[in-house]
């Protein structure tokens, strides 16, 4: 499978950062913004089509997409970006995991290309990353075709991502990792802790 033609990056960068007090996407770590760091990880595994949900990213990296259905949480961003895509799959990543190891993404992509269940009930299903008992709905590979189901469920109400996943079906790719590398940096205290590691 040609990664560049088959996969887009869907970067969830527009969450309301009430606890952080500023846009997480613009926070700096090692001289780069969180958004830049995540985009670079995607590029390292061969993804060149970049869609950024809800953050006015400076520079020429990717297309910024705004929610068509405001206040619907991550589903709103996923839906809006998928509507713009011309690839069959997208790698969904949140902006607040700047230390997510690239080898996790490499493993996820390899599994998706070579070992996934693939068609279930005549349709592709998402592949989520799982570590320990934790399944990550916002770190995974989704078939873009499910955008119609997402829109249908968004119109019902603001729903958790897992509500859509449970209805559509999904599978998991298991790879453990140190908890330090997957901290969601969403408070000033966690950001300060991250900076002290550098």
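Residue numbers (my numbering): 1015 to 1212. Glycine residues also receive a C-beta, built at the ideal position from the N, C-alpha and C atoms. Please read these numbers as outputs of a predicted model, since none were measured by experiment.
| Check | Outcome |
| --- | --- |
| Buried or exposed by the 16-neighbour rule on C-beta atoms within 10 Å, applied to residue 1138 | buried |
| In chain order, each alpha helix (DSSP H) run of at least 4 residues that lies wholly inside the stretch 1097-1175 | 1116-1128 and 1161-1168 |
| Contacts around residue 1208, its chain only, beta-carbon distance under 6 Å, and the 5 residues preceding and following it disregarded | 1199 |
| Simplified DSSP assignment, three categories, for residue 1205 | helix |
| Span separating the alpha-carbon of residue 1159 from that of residue 1021 | 13 Å |
| Reduced DSSP category for residue 1040 - H, G, I as helix; E, B as strand; rest coil | helix |
| Sub-8 Å separation of residue 1092 and residue 1164 beta-carbons | yes |
| Environment of residue 1042 [buried if 16+ CB atoms lie within 10 Å] | exposed |
| Close-in-space but distant-in-sequence residues of the same chain around residue 1062 (CB under 6 Å, 5 per side omitted) | 1018 |
| Close beta carbons around residue 1130, own chain, < 6 Å, minus the five adjacent residues each side | 1141 |
| CB contact flag (residue 1126, residue 1190, <8 Å) | no |
| Coarse secondary structure for residue 1022, derived from DSSP in three states | strand |
| Host beta strand (DSSP E) of residue 1052 (start-end) | Counting along the chain, residue 1052 falls outside any beta strand (DSSP E), though it belongs to the alpha helix (DSSP H) covering 1048-1058. |
| Where residue 1192 falls, given that 16 or more other Cβ within 10 Å makes a residue buried | exposed |
| Cutoff 8 Å; reference residue 1216; Cβ partners in own chain excluding five residues on either side | No answer is possible for residue 1216: the residues shown for the chain start at 1015 and end at 1212. |
| Neighbour-count burial assignment, residue 1150, 16 or more Cβ in a 10 Å radius | buried |
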